[in-house]
Amino acid sequence: MKRKSSSIYQLNDMKRPVAIFYFIMFCILLFGFTVAGVNASSFHGTVIISTTSISGSGFVGMEAGTVIFLFVCGLNSFKESFRMLTQNGISRKTIFFGRIITLVSVSAGMAVIDKIILLAGKFIASHMSGMNFVGLFELIYSGHAAQAGAVQMHIEGFLFDFSLYLAVITIGYFITIAFYRMNKIAKITVAVGVPMVLLNAVPYLDMALLHGAIGNALYNTMTFAFGYKNGGNPYFGIVTCLLIFAVFAVLSRVTMRKAVVKD
Amino acid sequence: MSGIEVRNATKNFGSVHALKDVTVHFEENKIYGLLGRNGAGKSTLLNVITGRIFADGGEVLVDGESALENDRELGKIYMMSEKNYYPESMKIRDVFAWTKEFYPDFDMAYAGTFAERFELNTDKRVKALSTGYSSIFKLITALSTNARYILLDEPVLGLDANHRDLFYKILIEKYSENPSTVIISTHLIEEAAGVIEHVVIIKDGQVIRDESREELMSKGYTATGAAGAIDRFTADKNLLGTDSLGGLKTAYILGKLDRAAVPDGIEISKMDLQRLFIQLTNA
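Listed in order, the protein sequences are those of chains A and B.
For what it's worth, the working numbering labels the leading residue of the first sequence as 1, then goes sequentially.
For what it's worth, the working numbering labels the leading residue of the second sequence as 1, then goes sequentially.
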């Protein structure tokens, strides 16, 4: 009963931001298609992400917007609901359970919506000359997507989007709990120190002392984890994202186990 | 055992010992006054009971079961805090609706009536409420939950005299209709004294008194008279403290009164809870 209530509350908490996100997304699409329709020759599209050469204009990898949105949602999903639910006699383990249900549901729901947008976008774009509508999955696994049938591509695309969304929102959730548990000095140290170390110190030391060994190891790990070493196999990426979700979910539970309500 | 049992609870915040081996039993269907000076450990004790913070030692049992991370037992308790833990953008009527989700016995009709009596606009958002109305909305929520154990931490914070009076009236009405355990932690002892059945006094993180109000009141008395006469009268008595005004002195004495031994010129009266509290916690 309490698990259900905890899940319902946390799901409800996500409703409004998700609705606002898709409203903005809808406006962007509407604007893009309208402009493209009115002036097809001069329109060069709203390219959200374009890491590959796609001729013409259009929307490419719009799911990246969802990824960023979900990461931000993850970062904002602890303090307020923790206080509200603790106020209402809900234990930490039930809050966590409700959050996991929420993360899975929201990720699955948004993956479905994004898939619908992608299909609708492709349909509209197919009736406009020089217009492209390419999903994130097709962009990352272009070789695999080209060989797969349409149904297989969309099913795999859905699974990839879902697992990627789940991983990203859970990372955000863990970061916010970790920051909640820290005192002011620790927060500043981590907020400043981690980016400094990862973006400046490590690359500098890697190049100066290790001749790029860390960079190479990272590249090799990433290409393996996302299936590029296996001919662009998307299931590697899906499993990797699910593992990231599992690891950060466990870390989140451990971190929030002793979290106290702060004034 | 029914009720809330706190056994040997200790809690330190750095070098501050907020609770020192506190053992106390809040029985069913009684109104408790949890009294103590600022920083005595009242809120810490309530926060430990509700699991908002963790005790460093000891345990809390609700109806004989550990309350630690126990949804069923925690669900029997509702704590109204001095601070607001509801989302600031939430409307009051939505707070009521959500509370009903977590406390199925929440009485929406009662909450609505209560809100009308206090002239609380339930379409307002939490952040739009003044300090007084913030206390009122939390009080309405607390009393409408019909939880078995209702903990009120500084319930009348920011309330004007009329609203304080109305609150105590409503509390008595509610308690008469549907008895529950109510723990009132407050500084305004004089006003709360009328509804408190049992008193728990905390001083420096330790429980120094845990007895019924009647029992506590019967243990002491006040003697007023000329300073010299009072000094002679109290010389062999357990003196809690004194107040002096000009040549007149008032002594607060613990112990049984022997009326026959009271000299002329000394007036004896009952000790009130606030006076007793001040004397007990000043020492």
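Cβ coordinates follow ideal geometry from the N, Cα and C atoms, glycine included.
By alpha-carbon distance to G130(A), the top candidate from A146(A), F33(A), T170(A) is F33(A).
Residue environment for S269(B): exposed (fewer than 16 other C-beta atoms within 10 angstroms of its C-beta).
Per DSSP, the unbroken alpha helix (DSSP H) holding R213(B) starts and ends at 213-218. Within chain A, G89 have C-beta atoms less than 8 Å from the C-beta of I77(B), given in sequence order. With fewer than 16 other CB atoms across the displayed protein chains lying within 10 angstroms of its CB, N178(B) is exposed. Per DSSP, the continuous alpha helix (DSSP H) segment holding I172(B) begins and ends at 161-177. CA-CA distance, E215(B) to L143(B), rounds to 28 Å. Residue pairing by DSSP puts D210(B) in a beta bridge opposite V200(B). Taking every protein chain shown into account, the CB of S134(B) has 16 or more other CB atoms within 10 angstroms, so this residue is buried. The beta-carbon separation of T145(B) and Y78(B), rounded to 4 Å, stays under the 8 Å limit for a contact.
When C-beta atoms of the stretch 145-157 of chain B are compared with those of the stretch 85-96 of chain B, fewer than three pairs fall below 8 Å, so the two segments do not count as touching.
From the beta-carbon of M84(A), the residues of chain B found nearer than 7 Å are Y85, Y86, P87.
Cβ atoms of C241(A) and A167(A) come within 8 Å of each other, at about 4 Å. Distance from the CA atom of I188(A) to the CA atom of A109(B), rounded to whole angstroms, is 48 Å.
Annotated as proximal: L136(A) and E63(A), with beta-carbon spacing under 8 Å.
Within its own chain, the residues whose Cβ lies closer than 6 Å to the Cβ of G98(A), once the five positions on either side in sequence are excluded, are S6, S7, Q10, listed in chain order. Proximity of chain A to R52(B) at the Cβ level (cut-off 8 Å) is accounted for by T86, V260, V261, in chain order.
Shown here for A111(B): same chain residues with a beta carbon closer than 6 Å to its own, the five before and five after excluded, namely F96, I140, S144 in chain order. Per DSSP, G98(A) lies in no beta strand (DSSP E); the unbroken alpha helix (DSSP H) holding it starts and ends at 92-126.
Contact check between the stretch 249-261 of chain A and the stretch 234-244 of chain B: fewer than three CB pairs, one atom from each, fall below 8 Å, which does not count as touching. Around the C-beta of G220(B), 16 or more other C-beta atoms lie within 10 Å, and the residue is accordingly described as buried. Secondary structure at T240(A): helix, using DSSP grouped into helix, strand and coil. Any Cβ of chain B closer than 8 Å to the Cβ of K15(A) would place that residue at the interface, and such an atom is absent.
Shortest Cα-Cα distance from Y173(A) to any of R3(A), I24(A), G109(A), S252(A) involves S252(A). When Cβ-Cβ separations below 8 Å define contact, F118(B) makes no contact with chain A. Per DSSP, reduced to three states, the secondary structure at N8(B) is strand.
A distance of 8 Å or more separates the beta carbons of A227(B) and I266(B).
Taking 8 Å as the cut-off, the beta carbon of F277(B) is found no closer than this to the beta carbon of L19(B). If you draw a straight line from the Cα of S244(B) to the Cα of N282(B), it comes to about 16 Å.
Residue environment: H211(A) is assigned as exposed (fewer than 16 neighbouring CB atoms within 10 Å of its CB, all protein chains considered). Between S91(A) and E69(B), the beta carbon gap of about 4 Å places them in contact (Cβ cut-off 8 Å).
Taken through DSSP and simplified to helix, strand or coil, Y235(A) comes out as helix. Shortest Cα-Cα distance from L243(A) to any of L218(A), G215(A), I177(A), Y165(A) involves Y165(A).
Judged by DSSP secondary structure, Y32(B) falls within the beta strand (DSSP E) whose first and last residues are 31-36. Contact check between the stretch 5-18 of chain B and the stretch 47-56 of chain B: three or more CB pairs, one atom from each, fall below 8 Å, which counts as touching. Bounds of the alpha helix (DSSP H) holding M207(A) are 202-209.
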